[in-house]
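Remarks on the structure that follows.
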Amino acid sequence: MATKKLTKKEAEDIIRDLYKEGLTSEKIGLALKNKYNIKKFREEYGIRISEIIGKKDADLRNIKQRLEKLQKHFGKNPKDQPTKRRLTKTASQLRGIEKYLSR
Numbered sequence: 353m354a355t356k357k358l359t360k361k362e363a364e365d366i367i368r369d370l371y372k373e374g375l376t377s378e379k380i381g382l383a384l385k386n387k388y389n390i391k392k393f394r395e396e397y398g399i400r401i402s403e404i405i406g407k408k409d410a411d412l413r414n415i416k417q418r419l420e421k422l423q424k425h426f427g428k429n430p431k432d433q434p435t436k437r438r439l440t441k442t443a444s445q446l447r448g449i450e451k452y453l454s455r
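Each residue of the sequence shown is one higher than the last, beginning at 353 in our numbering.
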C-alpha cells in the first residue's frame, strides 16, 4: 500500500514535534525514515532538518556529551591511560570546534 506523501508544512510540523520531545536532528532523520518512509528529507523537501529546528552545533553538542562521559569514567578509573589520552584528544577537538564556530 502506497503512503501519501506529506506536504512540506506537515513535515515541518512533525520535525518540530519530534524536536520538542528531545530528539536530535540525527534521531529525527531516523524517525522520519522509519515512521514516515522519508528516505532523504533534504532531497524530497529542499530544506535541512537543522534549518527547521535552528540548530547548527550538532558536532559541538556530540563532542560535549562524549567529553562528559569520558570525564565521568576517568573520575572512577584514574589509572585508565587510554581514557586519559582520549579525554585530552576530545578536549582539544572541542576547543577547535568552538574556535571555528566563534568566527
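Note that CB positions come from ideal geometry on N, CA and C, so glycine has one too.
Keep in mind the model is a prediction, meaning the values are calculated, not measured.
- The stretch 363-372 makes contact with the stretch 404-424, as at least three CB pairs between them are under 8 Å.
- Annotated as distal: I399 and L446, with beta-carbon spacing of 8 Å or more.
- R400 carries a coil assignment under DSSP once its states are collapsed to helix, strand and coil.
- In the structure shown, R455 adopts coil according to DSSP, grouped into three states.
- For G406, no alpha helix (DSSP H) segment is defined, and its DSSP state is neither H nor E.
- Secondary structure note for N386: its alpha helix (DSSP H) is the uninterrupted segment S377 to Y388.
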